[in-house]
Every structure is written in structure tokens, then in C-alpha cells.
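One structure is given here, and the rest of the page talks about it.
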Amino acid sequence: MGVDLEPQELDEYLQTSPRTILCVTRPGKAPFAAPMWFAWMDGKIVMHTLLTSKKVQYIRDQPLVTCVVESGEHYYQLK
Numbered sequence: 324m325g326v327d328l329e330p331q332e333l334d335e336y337l338q339t340s341p342r343t344i345l346c347v348t349r350p351g352k353a354p355f356a357a358p359m360w361f362a363w364m365d366g367k368i369v370m371h372t373l374l375t376s377k378k379v380q381y382i383r384d385q386p387l388v389t390c391v392v393e394s395g396e397h398y399y400q401l402k
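Using the numbering used here, the letters of the sequence shown map in sequence onto residues 324 to 402.
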């Protein structure tokens with residue numbers, strides 16, 4: 324079950340949500356999930372990491388990713 328947001332609502336939410344969980348595919352293994360800080364710029368999620376990181380290697384091998392954006396500071400506040 325999901326929530327449909329209007330483009331303006333989506334922009335507001337992503338501009339104020341600080342964290343995402345980046346999920347990438349690993350060959351022959353379970354998906355790799357990494358919490359990441361991000362910025363919402365020009366309709367895209369932008370992240371920074373080292374080019375030598377495993378995340379980058381996995382994305383180069385399989386460029387399809389999933390991001391789960393969360394907001395809230397405590398477990399009971401998470402959305």
C-alpha cells in the first residue's frame with residue numbers, strides 16, 4: 324500500500340527528508356541496503372560516496388536501484 328503525492332507534495336517531502344536507504348543488487352547474493360544522506364535537486368536524488376565503495380561497484384554492474392526515503396527522528400515518528 325502506498326501514498327500518492329502530487330508533484331509539489333513530493334518536492335516538499337524530499338527536500339525536507341534527510342535520509343534514504345539505498346538498495347542495490349549484488350550478484351548471487353541478497354540485496355545490499357545502505358542508509359545514505361541525500362539531496363533532492365532538479366527532480367533527482369543526489370548522493371555522495373567514494374568511487375571505490377562497494378555500492379558504486381554494485382551499481383556499475385547492475386544500475387537498477389531502489390531508494391526508500393524516511394523522515395522522523397525517532398522510531399515512532401518514522402514515515
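Using N, Cα and C, we set each Cβ at its ideal position, and we do this for glycine too.
Query: With 16 other Cβ atoms within 10 Å as the buried cut-off, status of Thr389; Result: exposed
Query: Opening and closing residue of the alpha helix (DSSP H) in which Thr339 lies; Result: Pro330 to Thr339
Query: Whole-angstrom distance between Leu337 and Val267, CA atom to CA atom; Result: Residue 267 is absent from the model: the chain starts at 324 and stops at 402.
Query: Rounded straight-line distance, which links the Cα of Gly351 to that of Lys378; Result: 15 Å
Query: Start and end residues, beta strand (DSSP E) containing Arg342; Result: Arg342 to Val347
Query: Spatial neighbours of Pro341 in its chain, beta-carbon cut-off 7 Å, leaving aside the 5 residues before and after; Result: Trp360
Query: Among Gln331, Thr375 and Gly325, nearest to Asp365 - alpha-carbon criterion; Result: Gln331
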